[in-house]
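*Asks:* Sequential numbering of the sequence shown, starting at 1, is according to the working numbering. Ideal placement from N, C-alpha and C gives every residue a C-beta, glycine not left out. It should be emphasised that the depicted structure is a prediction, and the values quoted were computed from it without experimental measurement.
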Amino acid sequence: MTGKISVVAACALYVLAGELCSAWGRDESRISFDASTPHEEIGMQFIVSDPLGRRMGNDGTRAKESPLREIPGSGYGIESTGDDESGSPGPESIQSGIRPAAGTYTVTLYGIVTTQFDLYISGQDVFGDRQPNSQSLDGFIAVGTTAQYVLSFNPAPGTGISQFVKQVSFATLRQDLRTAAGLGLIGDAKFVAKLDKTLAQGEKALVRKAHDHDKLDEGRENKKKAVEKLREFIKKLEKAFKGENDDDRDEDDDKDHDKKHEEKEHEKPAKRSVSELAFKSLKGDAEVLI
1 MTGKISVVAA
11 CALYVLAGEL
21 CSAWGRDESR
31 ISFDASTPHE
41 EIGMQFIVSD
51 PLGRRMGNDG
61 TRAKESPLRE
71 IPGSGYGIES
81 TGDDESGSPG
91 PESIQSGIRP
101 AAGTYTVTLY
111 GIVTTQFDLY
121 ISGQDVFGDR
131 QPNSQSLDGF
141 IAVGTTAQYV
151 LSFNPAPGTG
161 ISQFVKQVSF
171 ATLRQDLRTA
181 AGLGLIGDAK
191 FVAKLDKTLA
201 QGEKALVRKA
211 HDHDKLDEGR
221 ENKKKAVEKL
231 REFIKKLEKA
241 FKGENDDDRD
251 EDDDKDHDKK
261 HEEKEHEKPA
271 KRSVSELAFK
281 SLKGDAEVLI
């Protein structure tokens with residue numbers, strides 16, 4: 001027992017120095033990345049980059065049997081869970097992993113098709129014991145687009161994954177809104193357009209240039225306006241998710257409201273819906289920007 005404790009202390013020192021060790025003279029640390037999509041052929045792939053810029057994975061342009069394996073001890077494979085009785089192929093999934101040093105990693109997802117996906121990330125310490133703070137991500141991505149996450153990991157016992165954060169901008173949030181709509185996770189079309197307009201107004205406020213003589217104050221006001229639009233976006237999402245009617249109208253809506261009121265007074269309101277997946281994902285991304 002004493003020998004193992006002393007080795008743990010030594011390992012912690014080596015981890016801080018960017019080196020690794022284990023009680024048996026062999027490093028058992030690992031980060032595993034497992035992903036799946038509801039398609040016969042995998043609809044999303046990814047590349048992990050380590051602190052030295054070395055990569056593991058596939059962006060979908062490489063053959064399945066030829067992924068990048070620049071990170072030492074890395075593996076990346078695509079498997080199919082077929083039906084043993086019928087012999088028909090089932091949905092493909094990715095099983096992969098790396099032998100990590102302590103540091104920050106970038107995980108970039110690539111949309112092969114427009115799809116929902118599941119990504120599970122777990123870690124082992126230098127002794128091969130399961131690390132805390134595993135990450136389970138349910139999301140969606142559009143064909144030809146990317147999504148990037150930053151992951152911090154330490155293989156010393158009791159540490160593990162300390163950060164897993166998506167890199168978000170107004171542009172990526174608006175893209176995710178359109179993707180969710182395309183997958184039928186949010187609707188109706190007018191509601192989606194209204195949400196996108198709210199985000200566009202926030203984005204415009206954020207990039208608006210302030211006058212030189214009042215740059216600091218105007219810059220703060222622009223940022224405040226952008227945050228207000230993000231909060232408005234979240235509020236509209238929450239109302240639709242809870243099944244509440246959204247009676248809020250912007251200026252353009254008010255201009256046409258009186259004109260169209262009489263002809264629309266007998267029409268049923270459009271069904272606005274937000275799935276739990278879309279709500280959590282879009283709300284979470286908006287909160288990152290706030």
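(1) In angstroms, rounded to a whole number, what distance separates the CA positions of A181 and K194?
(2) How many angstroms separate the CA atom of E41 from the CA atom of R69?
(3) Could you work out which residue in A147, G53, E228 is closest to Y105 when comparing CA atoms only?
(4) Kindly indicate the opening and closing residues of the beta strand (DSSP E) around G139.
(5) Tell me where the alpha helix (DSSP H) around D196 begins and ends.
(6) Is it buried or exposed, E92, if we count other Cβ atoms within 10 angstroms and call 16 or more buried?
(7) Tell me which residue opens and which closes the alpha helix (DSSP H) that D59 is part of.
(8) Under the three-state reduction of DSSP, which class applies to L185: helix, strand or coil?
(9) On the criterion of 16 or more Cβ atoms from any shown chain inside 10 Å, does E19 qualify as buried, or is it exposed?
(10) Which residues in the same chain have their Cβ closer than 6 angstroms to the Cβ of V165, if we skip the five residues on either side of it in sequence?
(11) Rounded to a whole number of angstroms, what is the C-alpha to C-alpha distance between K223 and Y76?
(12) Whole-angstrom Cβ separation of I161 and S152, contact assumed at under 8 angstroms?
(13) Quick one: what does DSSP say L282 is sitting in, helix, strand or coil?
(14) Alpha carbons only, please: which of G144, P100, S74, T172 is nearest the one belonging to V288?
(15) State buried or exposed for A200, treating a residue as buried only when at least 16 other CB atoms are found within 10 Å of its CB.
(16) For a test of your reading of the model: does the CB of K236 fall under 7 angstroms from any non-hydrogen atom of the ligand GDP? Yes or no.
(17) If we define contact as Cβ-Cβ less than 8 angstroms, is V143 a contact residue for chain D?
(18) For the beta strand (DSSP E) containing V48, list its first residue and its last residue.
(19) Could you give the distance in angstroms between the alpha-carbon of F241 and the alpha-carbon of A278?
(20) Using C-beta distances below 6 angstroms, list every residue in its chain close to F33, excluding the 5 sequence neighbours before and after it, in chain order.
(21) So, helix, strand or coil for S34, using DSSP?
(22) Whose C-alpha, out of E79, A147, D27, is nearest the C-alpha of V48?
(23) Report buried or exposed for S88, applying the criterion of at least 16 other Cβ atoms within 10 angstroms of its Cβ.
*Replies:* Reading from the atomic positions:
(1) If I take the Cα positions, the gap works out to 12 angstroms.
(2) Roughly 21 angstroms separates the two Cα atoms.
(3) Closest option to Y105, judged by alpha-carbon separation, among A147, G53, E228: G53.
(4) Unbroken beta strand (DSSP E) run through G139: 135–141.
(5) From DSSP, the alpha helix (DSSP H) with D196 extends over 189–207.
(6) By the 10 Å Cβ count, E92 comes out buried.
(7) That residue, D59, is in no alpha helix (DSSP H); it is neither H nor E in DSSP.
(8) DSSP places L185 in coil when its eight states are reduced to three.
(9) Because E19 sits at a pLDDT of 47, beneath the cut-off of 50, its placement in the model cannot be relied upon, and the following sentence gives the value as read from the coordinates. Exposed: under 16 other Cβ atoms inside 10 Å.
(10) If we look at V165 and ignore the five residues flanking it on each side, its Cβ neighbours are V150.
(11) Those two C-alpha atoms are separated by around 42 angstroms.
(12) That belief holds up - the Cβ atoms of I161 and S152 are roughly 7 angstroms apart, short of 8 angstroms.
(13) Note: L282 maps to helix in three-state DSSP.
(14) Closest in alpha carbon position to V288, among G144, P100, S74, T172, is T172.
(15) By the 10 Å Cβ count, A200 comes out exposed.
(16) In the structure shown, the ligand GDP is absent, as is every other ligand, since no ligand is present at all.
(17) No chain D is part of this structure, which consists of one protein chain only.
(18) Run containing V48: 44–49, per the beta strand (DSSP E) assignment.
(19) F241 and A278: Cα-Cα distance of roughly 9 angstroms.
(20) S96, I121, listed in sequence order.
(21) Here the sequence assigns Asp to residue 34, which means Ser is not the residue at that position. If DSSP states are grouped into helix, strand and coil, D34 belongs with the strands.
(22) Nearest option by C-alpha distance: A147.
(23) Using a 10 angstroms sphere on the CB of S88, the tally of other CB atoms stays under 16, which defines it as exposed.
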